[in-house]
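Take a look at the structure set out below.
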Amino acid sequence: MTLLRRGRLITGIALLLLGGVYVRALVFTPEERLQGLAQKIYYVHVPSAWSAMLAMGMVGLASILFLFLKDMRYDRFASASAEVGTAFSLVMLTTGPLWARPIWGTWWTWDARLTLTLMMFFMFIGYQVLRGAVADPGLRARYAAVVGICGLVLLPFIHLSVYLFRTLHPMPIVLKPSKPSLPGSMLETLLLSFGVFTLLYVGFVIQRYAIGEHTHDA
Amino acid sequence: MGELVRHAWLVARKDLHLEFRSRTAITSALVFTALVLVVFEHGRDPTAVSTIDLAPSILWVTFSFAGMLTLNRAFNAELENQALDGLLLAPISRTSLFLGKLVANLAFVAVVQVTGLLLFTLFFNVPVWTVWAPLVTVMILATTGFIAVGTLFSAMVVRTRFAELMLPVLLLPFLLPPLIAAVEVTAKLFAGRPLSEVAGWFRLLAAYDVAFVTLATLLFPATVTE
Numbered sequence: 018m019t020l021l022r023r024g025r026l027i028t029g030i031a032l033l034l035l036g037g038v039y040v041r042a043l044v045f046t047p048e049e050r051l052q053g054l055a056q057k058i059y060y061v062h063v064p065s066a067w068s069a070m071l072a073m074g075m076v077g078l079a080s081i082l083f084l085f086l087k088d089m090r091y092d093r094f095a096s097a098s099a100e101v102g103t104a105f106s107l108v109m110l111t112t113g114p115l116w117a118r119p120i121w122g123t124w125w126t127w128d129a130r131l132t133l134t135l136m137m138f139f140m141f142i143g144y145q146v147l148r149g150a151v152a153d154p155g156l157r158a159r160y161a162a163v164v165g166i167c168g169l170v171l172l173p174f175i176h177l178s179v180y181l182f183r184t185l186h187p188m189p190i191v192l193k194p195s196k197p198s199l200p201g202s203m204l205e206t207l208l209l210s211f212g213v214f215t216l217l218y219v220g221f222v223i224q225r226y227a228i229g230e231h232t233h234d235a
Numbered sequence: 009m010g011e012l013v014r015h016a017w018l019v020a021r022k023d024l025h026l027e028f029r030s031r032t033a034i035t036s037a038l039v040f041t042a043l044v045l046v047v048f049e050h051g052r053d054p055t056a057v058s059t060i061d062l063a064p065s066i067l068w069v070t071f072s073f074a075g076m077l078t079l080n081r082a083f084n085a086e087l088e089n090q091a092l093d094g095l096l097l098a099p100i101s102r103t104s105l106f107l108g109k110l111v112a113n114l115a116f117v118a119v120v121q122v123t124g125l126l127l128f129t130l131f132f133n134v135p136v137w138t139v140w141a142p143l144v145t146v147m148i149l150a151t152t153g154f155i156a157v158g159t160l161f162s163a164m165v166v167r168t169r170f171a172e173l174m175l176p177v178l179l180l181p182f183l184l185p186p187l188i189a190a191v192e193v194t195a196k197l198f199a200g201r202p203l204s205e206v207a208g209w210f211r212l213l214a215a216y217d218v219a220f221v222t223l224a225t226l227l228f229p230a231t232v233t234e
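For the protein sequence lines, the chains are A and B, in the order given. Here the first sequence stands for residues 18 to 235, where the numbers follow the numbering used here. Here the second sequence stands for residues 9 to 234, where the numbers follow the numbering used here.
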């Protein structure tokens with residue numbers, strides 16, 4: 018099976034499972050007492066944020082590997098990951114305000130995580146704009162790797178500075194030192210969704226990578 | 009090590025010499041800074057917002073824009089007659105080339121910032137003299153790491169299409185942490201708060217500088233190796 022077909026297969030399975038997540042979240046998971054239906058968006062918003070950050074991490078990692086090993090495959094992978102990351106960032110940045118409007122009473126606020134993810138989105142865009150502006154593939158790969166690594170190092174600083182500044186975003190309820198503070202069935206749905214979004218990331222990146230292999234232009 | 013510093017100094021001196029002879033960039037940067045301050049003054053409603061509330065933001069947005077504009081200069085000058093190739097052929101390490109460019113950029117920005125601060129004091133009547141030492145410290149800390157990333161990126165973008173627009177698009181996210189910290193510290197200083205309240209911000213700025221000066225120095229060779 019070619020790489021492209023394998024990517025399509027994984028994406029197909031992930032999309033089917035995503036349908037399952039929707040059904041499970043809407044029908045079989047209890048409604049949150051205070052937020053009501055709005056809380057359901059949580060099962061899409063948080064996993065897409067996870068996939069976007071995974072994508073950013075992978076861009077950084079592939080960039081480091083590229084600069085050390087000078088293997089164009091890492092560059093192609095970084096490029097694919099950045100593109101997929103942009104898509105997941107967009108999902109995160111659209112679902113967030115949809116939830117925030119009824120719950121916080123505002124579409125947007127300059128909270129630590131919101132600022133961080135918006136900047137991550139801009140960095141994905143900047144990364145790709147830069148790639149588009151360099152014609153020579155070798156030069157493009159090196160430039161992109163430099164920006165990818167810097168971006169990865171920047172993210173913790175943005176988070177820390179905005180966090181010190183002001184925060185309104187709900188505090189972590191799963192990944193924290195004590196036990197997750199949400200009911201078991203909600204946690205299961207969320208974890209399932211995390212798995213599905215990770216699979217979606219893998220499927221998309223494989224497909225994008227395979228396309229890049231054909232065009233020799235990514 | 010001594011060699012590295014000596015070569016870096018030679019590169020920096022060459023850049024500053026070049027600048028001192030023509031004075032085009034520095035004059036434009038200074039006029040630009042003054043004009044931005046004037047525009048800011050007229051871009052607010054004096055009856056609604058008092059100067060002291062807006063002063064830290066005005067100061068730092070002005071510094072940021074001025075810093076960004078000056079960054080294009082460093083490697084633009086090397087484009088003519090393939091001067092960069094000549095520099096790369098010279099028997100000096102890539103690291104000293106980067107550090108030289110960084111030092112020249114920092115000197116350039118320092119001149120712009122000091123002049124900007126004087127004009128700012130003049131225009132906005134803010135009590136700068138009572139807090140000049142911590143203010144200068146925060147100016148140095150907030151500028152160094154940012155200019156390091158900027159110098160690194162400017163070496164790349166001069167050889168791309170739309171260089172003037174590309175640099176801000178790539179660089180502005182990197183401005184965010186130092187900008188937030190600098191504005192917070194400056195506001196606290198102008199309000200006469202004790203230094204202990206801003207110690208955390210100073211630490212953040214110092215960590216940012218160490219991280220990005222190191223990273224930019226390490227990554228620079230990858231941007232120029234042919």
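By construction, the Cβ of each residue, glycine as well, lies at the ideal position given by its N, Cα and C atoms.
Looking at C-alpha atoms only, which residue of the options is the closest neighbour of residue i?
i, options, result
"A99 (chain A)", "A:G168, A:L86, A:V63, A:P114", "A:G168"
"F154 (chain B)", "B:E172, B:A74, B:P202, B:E205", "B:A74"
"A156 (chain B)", "B:L92, B:F228, B:I60, B:F28", "B:F228"
"G113 (chain A)", "A:R41, A:T132, A:A95", "A:T132"
"T206 (chain A)", "A:L21, A:T28, A:A42", "A:A42"
"P99 (chain B)", "B:H15, B:L67, B:G51", "B:H15"
"S106 (chain A)", "A:W124, A:M136, A:L216, A:L54", "A:M136"
"T233 (chain B)", "A:Q52, A:V163, A:G74, A:D128", "A:V163"
"F132 (chain B)", "B:S104, B:A207, B:P54", "B:P54"
"M70 (chain A)", "A:V61, A:T134, A:W121", "A:T134"
"P142 (chain B)", "B:R52, B:G94, B:A207, B:F161", "B:A207"
"V63 (chain A)", "A:H231, A:L172, A:W116, A:Q224", "A:W116"
Cβ of residue i within 8 Å of Cβ of residue j?
i, j, result
"G108 (chain B)", "A224 (chain B)", "no"
"V146 (chain B)", "V221 (chain B)", "no"
"Y262 (chain A)", "A72 (chain A)", "Outside the displayed range of chain A (18 to 235) lies residue 262 (chain A), so it cannot be described from this structure."
"A150 (chain B)", "A189 (chain B)", "yes"
"T70 (chain B)", "V44 (chain B)", "yes"
"A152 (chain A)", "D92 (chain A)", "no"
"V213 (chain A)", "V38 (chain A)", "yes"
"L177 (chain A)", "Y160 (chain A)", "no"
"A85 (chain B)", "L26 (chain B)", "yes"
"F94 (chain A)", "Y226 (chain A)", "yes"
Just confirm the distance between the C-beta atoms of residue i and residue j, as a whole number of angstroms; I'd bet it's less than 8 Å.
i, j, result
"T141 (chain A)", "T103 (chain A)", "The residue asked about is misnamed: residue 141 (chain A) is Phe in this sequence, not Thr. Between T103 (chain A) and F141 (chain A) the Cβ distance is about 4 Å, and since that is below 8 Å, they are a contact."
"P185 (chain B)", "Y216 (chain B)", "6 Å"
"F210 (chain B)", "T159 (chain B)", "Not a contact, Cβ separation roughly 23 Å."
"F198 (chain B)", "P64 (chain B)", "6 Å"
"I81 (chain A)", "I166 (chain A)", "6 Å"
"T129 (chain B)", "T41 (chain B)", "Not confirmed; about 13 Å, so no contact."
"W67 (chain A)", "F211 (chain A)", "6 Å"
8 Å is my cut-off, CB to CB: does residue i come that close to chain A?
i, result
"P99 (chain B)", "no"
"P185 (chain B)", "yes"
"I188 (chain B)", "yes"
"P54 (chain B)", "no"
"T152 (chain B)", "no"
"F182 (chain B)", "yes"
"A219 (chain B)", "yes"
"V111 (chain B)", "no"
"T168 (chain B)", "yes"
"G158 (chain B)", "no"
"M164 (chain B)", "yes"
"G208 (chain B)", "yes"
With 8 Å as the threshold, decide whether the Cβ of residue i is near any Cβ in chain B.
i, result
"F139 (chain A)", "yes"
"L35 (chain A)", "no"
"F94 (chain A)", "no"
"M70 (chain A)", "no"
"A42 (chain A)", "no"
"S106 (chain A)", "no"
"T103 (chain A)", "no"
"F174 (chain A)", "yes"
"A235 (chain A)", "Low local confidence applies: a pLDDT of 45 at A235 (chain A) is under 50, so the model's placement there is unreliable, and no value is given."
"L217 (chain A)", "no"
"S178 (chain A)", "yes"
"R90 (chain A)", "no"
"M136 (chain A)", "yes"
How is the alpha helix (DSSP H) around residue i delimited, first residue to last?
i, result
"Q56 (chain A)", "Per DSSP, Q56 (chain A) belongs to no alpha helix (DSSP H) and is neither H nor E."
"R14 (chain B)", "10-30"
"S101 (chain B)", "Careful: S101 (chain B) lies outside any alpha helix (DSSP H) and carries neither H nor E."
"N84 (chain B)", "59-84"
"T112 (chain A)", "89-121"
"L26 (chain A)", "20-40"
"P176 (chain B)", "171-198"
"T168 (chain B)", "Segment: none, T168 (chain B) is in no alpha helix (DSSP H) and carries neither H nor E."
"E205 (chain A)", "201-232"
"T134 (chain A)", "129-150"
"W124 (chain A)", "W124 (chain A) -> no alpha helix (DSSP H), and no H or E assigned at all."
Quick check on residue i - is its C-beta less than 8 Å from some C-beta in chain D?
i, result
"T231 (chain B)", "You won't find chain D in this structure, because its protein chains are A and B."
Is residue i close to the ligand FAD? I mean its beta-carbon at under 7 Å from any heavy atom of the ligand.
i, result
"V46 (chain B)", "Only the bare structure without any ligand can be found here, which leaves the ligand FAD out of the picture."
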